[in-house]
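Counting in my numbering, the sequence shown runs from 610 upward without gaps. Positions of the beta carbon are idealized from the N, C-alpha and C atoms, including for glycine. Being a predicted model, the structure only gives us computed values, none of them experimental. Here is the structure we will look at.
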Amino acid sequence: MSAQLNAAIAAGNVAEAATLAFAQAGLGVLPITELIGIAGLLTARGKPEQAVALYQLWIRHADTPLMHAAWYNLAVLQMQGGDERGAENAYRRALEIQPRFTEAYLGLGALMERRRSPEEALDTWHEALDLLDPNAANAGKLQIQLFNNIGRVADGLQRRHEAEEALTHSLQLDPRQPLVAAHWLRLRQQQCAWPVLAPLPGLDEEQLLATASAPATLSASDDPAVQLAAARRHVATHVARGAAPLADAAGYTHRKLRIGYLSPDSFAHTAELYALHDRSLVEVYGFCWDEEDNSALRLRIVQGLDHHLRIAGSTDLQAAQLIRAHEIDILVDLHGLHAGGRPGILALRPAPMQIAWPGYPGTTALDGVDHVLADAYALPQELAPYFSEQPLYLPDTFQIVDRQRKPGRRPARARARAACGLPDQGFVFCCFSDGHKLAPPQFASWMRILQRVPDSVLWLAADSEQVRDNLRVAALRHGVSSDRLRFAEPQPQLDLRRCQVADLFLDTLPFNAADQACDALQAGLPLLTRSGRGYASRTSGSLLHAAGLPELVTHSRQEYEDAAVRLACAPAQLTALRRRLSNQRKTAALFDTPRFVRHLEQAYLRVARGTLERNSNSNGASDGAADRSRHHDTSLPLASILIAAHDDADGDGTSLERTLHSALAQSWGHTEIVICDSSGGDALRARIAPLLKRHPQLRYSRAPGLSPAACLDHCLALSLGEYIAVAPHGDALHPEKLARMMHFYINFPNVGLVGSWRRPPDGNEQPLFGADTVVDGAALGSLLLSSDPAATATLCEPGTLLLRRSILGAGFGRYLGRHYPSLPGIAIALSALASGSGVYLAEPLSERHAHSAPAAAQSELGALARALDGLHLLYAAHAQHAFLTDADAFKQILASRLAALGALLTSRHAALAPGAGPHLDALHDVLRQGYQLLLST
């Protein structure tokens, strides 16, 4: 009979082979090898129920020392068929026969996990490890499986230390497990187990970083190139590619735009968006794969959607086919590459236009995602090459605030502090970011801040005692008592009332606080951030610019720490910030959610494909349509005109209106105009409101109380242009100003700086040169460094220049990364002239208004600050060998500057003494460096 069975198997005659196998099994004579072969053949031919029946028959009649293997195979088949009770019985019978049968423990644990009994699963796998013979042939492989399973399930139970230990053992057995290494790194980040990149046998720091998941990389590196590489690695590992797009790229024909939102978490952070959509324009779909929690927030979100479709039990293909069946015009993914995301749906291209909304603040690296929602600050043009998606810019911020989440009245200080375990007295810094966003350099900054602010505490969120212990130890290593760290209990959603108890929120780098930062501002808590290079490190800066508090954005470690200490030691200044933040809730772009939604819908219309897009471009044109076409020739580089508006002598906004009209009259075909209003009232906004409504290239931001320099930097942060022009409040620009100046940049690539004459209202002054002049960049830079700054101020005024955006960096007045607040024009010019020649146009391309802000009277301290900045500029240029390359000429100028500084100090010491304290260290450093250079050979 065995010969007949083998012949039937060889001939592929499954029916005959099965008949013979059942007959032999009933007689107890079917060898186990044939049993396994026939059962496998039946399963492969789509008859798993017959395979189960064959095993059951065989087990009843067989007598063999390999019976445990048959029970195990039966359990596997029953698991695949959904018979969990039968599978559990089979696994346990296998273990009764062979108590050290590790494979059965693995299967039984998997069954417990599937039944949502993770504790039982862990107990099962730990028991297997205790019984496993380490000398068995395949012991290492089985141990790795067990450790990896324990790591995964323990992490799901928030038992991260246990998970980390398990994965450590796994990697010690085999370091060539990149996905396990990525999980291990993430666990260490979440526990603040520093250094996160602790080398393991066979894995050094560089190799570990190369395995990091895309989300982990956002916390580990501020390098956008590293973040892009991690995203590409994630997609290559986890996302199937090469499938034909489900949607037709040409789009559909719909009366209203069908917007689909894709998210696992009921879209909580965008809760207010859905109900605010214009139903005459869009139809809103939600595709969600989270669990139903019956919460009030969930009900509110669902009620805001026109269609709520659950895809929790669907495969990526099934979900994508459902989206395609609904003919979604634009699919917006809210989760990106975060854990639990479903990028495989996007890879199948179920919609003709797909957009990433960065709840994940980095590139998805998915070919199927066309755009990423962004704003000019969070994703400046120089960052765009590190995104696979094209930026789709919103005018204010890409982040939305749920106005229905309100903090209520601020609680009584003493009672609220006591309830939160905080001291009665002393300054309370806080950061409620998750542990994975905390990084050792950032923590070190916080410890230095605590050391400089006596009796202050740092209030942190920590989701386990392990995290608390790790942070306490880290504080002690920095010489800070662990008592100065206080910990808040973890909450599913940040309690806005908790934010009201703290004094200042300290942001994280390289991964900003994101939702927690937004919540802090919404609760009225000032937020201090430090912006970096990557998108994830710039989101809080975006929030602060949109909230009208750009002075809380810093760009270096020292600036961040000094600002934190200054605010902690100046309660009146902090109170004023709180008051401004409270007042800004009524006017700032961040808190104007209906305005955000209108801008978002306009962005959708700009990129929509199909008939709706064409109709929206041809019908119902706005009053500004002609103006839009005149200023929207995208074949030309975009030039941004910045207007820092302030309280003026007119008092009614007429001088601002004059400047605005002259900016709108520019003949250059691709412009935007960014206005930052730092005035104390609403008169300016009211005056220009008709222009804002009529001209789509105008963008307005309200930031009362900003200094002129901060106001100009705020404009820059909100701008998108490749080229930057400044229109001082009250100036009138010649209609050809931009076109005349752009001519030199476009046609002469070696030009680094273009300036023009800014004619005074009285006409008494003359242009610097009598005719248009081209000057070698190195020669002009050397002239600026060697001349009295007062003599060159006219040439370097921002209102006279057209600048490449790339040379400005984080703001005006920077040269080689350092800020020169006393000599901003010269610093700008040197940055520009390092890359090419200077062009000066003698034609009056702008005219100063009679009431333009006059130059402030220069005090002795102002003169000291200018002298120090002048010497630092001289040192920096010399170190770069960019200007004043002749050593003798450099030393002659240096000696003259040092002598002038000495004369200022000796002649005006009495006037300087009261305010010189903050300058003493800088004065010491600049003199020491100067004399070292002067006396060097």
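Straight-line gap, residue i to residue j (C-alpha atoms, nearest Å)
{"i": "Ala-960", "j": "Arg-1215", "result": "16 Å"}
{"i": "Gly-1379", "j": "Ser-1276", "result": "25 Å"}
{"i": "Gln-1060", "j": "Tyr-1332", "result": "43 Å"}
{"i": "Leu-1001", "j": "Asp-984", "result": "8 Å"}
{"i": "Tyr-1540", "j": "Gln-1489", "result": "18 Å"}
{"i": "Ala-662", "j": "Pro-674", "result": "21 Å"}
{"i": "Thr-628", "j": "Gly-691", "result": "25 Å"}
{"i": "Arg-1457", "j": "Ala-1326", "result": "25 Å"}
{"i": "Arg-1506", "j": "Arg-1367", "result": "29 Å"}
{"i": "Phe-1038", "j": "Ser-1431", "result": "31 Å"}
{"i": "Leu-1544", "j": "Gln-1538", "result": "10 Å"}
{"i": "Ile-1416", "j": "Ile-1437", "result": "8 Å"}
{"i": "Ser-1042", "j": "Val-1076", "result": "13 Å"}
{"i": "Pro-640", "j": "Ala-853", "result": "47 Å"}
{"i": "Gly-1289", "j": "Gly-1133", "result": "20 Å"}
{"i": "His-1323", "j": "Pro-1159", "result": "6 Å"}
{"i": "Leu-650", "j": "Leu-683", "result": "14 Å"}
{"i": "Leu-1377", "j": "Met-1056", "result": "52 Å"}
CB-CB length for residue i against residue j, believed under 8 Å
{"i": "Ala-956", "j": "Arg-909", "result": "Going by Cβ atoms, the distance from Ala-956 to Arg-909 rounds to 31 Å, so no, they are not a contact pair."}
{"i": "Thr-777", "j": "Leu-751", "result": "Contact flag wrong, Cβ pair sits at about 17 Å."}
{"i": "Ala-1274", "j": "Asp-938", "result": "With a Cβ gap of about 37 Å, Ala-1274 and Asp-938 do not count as contacting."}
{"i": "Ala-1341", "j": "Ser-1455", "result": "7 Å"}
{"i": "Glu-1154", "j": "Tyr-986", "result": "According to the sequence provided, residue 1154 is His. The question's Glu does not apply to it. With a Cβ gap of about 5 Å, His-1154 and Tyr-986 count as contacting."}
{"i": "Pro-1135", "j": "Leu-1186", "result": "5 Å"}
{"i": "Gln-1193", "j": "Ala-1156", "result": "6 Å"}
Bridge partners - residue i, DSSP secondary structure assignment
{"i": "Glu-1456", "result": "Ala-1341, Arg-1368"}
{"i": "Trp-1068", "result": "Cys-1039, Arg-1095"}
{"i": "Pro-1000", "result": "Val-981"}
{"i": "Gln-963", "result": "Leu-940"}
{"i": "Gly-765", "result": "Partner(s): none; Gly-765 has no beta bridge."}
{"i": "Glu-892", "result": "Arg-867"}
{"i": "His-916", "result": "Tyr-894"}
{"i": "Ala-1334", "result": "Ile-1250, Leu-1411"}
Buried/exposed call for residue i, threshold 16 Cβ in 10 Å
{"i": "Val-893", "result": "buried"}
{"i": "Gly-1511", "result": "exposed"}
{"i": "Pro-1358", "result": "exposed"}
{"i": "Lys-1015", "result": "exposed"}
{"i": "Gly-1479", "result": "buried"}
{"i": "Ser-1310", "result": "buried"}
{"i": "His-1533", "result": "exposed"}
{"i": "Val-1082", "result": "exposed"}
{"i": "Asn-1346", "result": "A quick correction: the sequence has Lys, not Asn, at residue 1346. When all chains shown are included, Lys-1346 counts as buried."}
{"i": "Asp-1242", "result": "exposed"}
{"i": "Leu-1265", "result": "buried"}
{"i": "His-1270", "result": "exposed"}
{"i": "Gln-912", "result": "exposed"}
{"i": "Gln-836", "result": "buried"}
{"i": "Ala-1234", "result": "With a pLDDT of 45 at Ala-1234, under the threshold of 50, the predicted position of this residue should be treated as unreliable, and no value is reported."}
Residue nearest to residue i in terms of C-alpha spacing, selected from the options
{"i": "Gly-1330", "options": "Ala-1248, Leu-1543, Pro-1398, Gly-1035", "result": "Ala-1248"}
{"i": "Gly-977", "options": "Leu-1410, Tyr-995, Gly-953, Tyr-870", "result": "Gly-953"}
{"i": "Asp-831", "options": "His-947, Gln-1051, Ala-648", "result": "Gln-1051"}
{"i": "Ser-1244", "options": "Ile-1355, Ala-838, Gln-1375", "result": "Ile-1355"}
{"i": "Gly-1386", "options": "Trp-680, Ala-1486, Asp-1171", "result": "Ala-1486"}
{"i": "Leu-666", "options": "Ala-630, Ala-763, Arg-907", "result": "Ala-630"}
{"i": "Thr-862", "options": "Ala-1173, Ala-1097, His-935, Ala-1179", "result": "His-935"}
{"i": "Ala-1071", "options": "Pro-1099, Ala-626, Asp-1171", "result": "Pro-1099"}
{"i": "Asp-1286", "options": "Arg-1267, Thr-642, Asp-1530, Pro-1313", "result": "Pro-1313"}
{"i": "Gly-1278", "options": "Gly-1390, His-1352, Arg-1267", "result": "His-1352"}
{"i": "Glu-1210", "options": "Asp-1064, Ser-1151, Leu-1113, Ile-964", "result": "Ile-964"}
{"i": "Leu-1161", "options": "His-1087, Leu-1113, His-916, Gly-895", "result": "Leu-1113"}
{"i": "Ala-775", "options": "Phe-756, Ala-948, Arg-768", "result": "Phe-756"}
{"i": "Ala-856", "options": "Leu-1190, Ala-1021, Arg-933", "result": "Arg-933"}
{"i": "Phe-1492", "options": "Gln-1193, Leu-1393, Arg-654", "result": "Leu-1393"}
{"i": "Gly-1361", "options": "Ile-1009, Ile-1284, Leu-1439", "result": "Leu-1439"}
{"i": "Asp-1064", "options": "Pro-833, His-944, Leu-1094", "result": "Leu-1094"}
Min CB distance residue i to chain C below 7 Å
{"i": "Ala-880", "result": "Annotation note: the requested chain C is absent from the structure, which comprises a single protein chain."}
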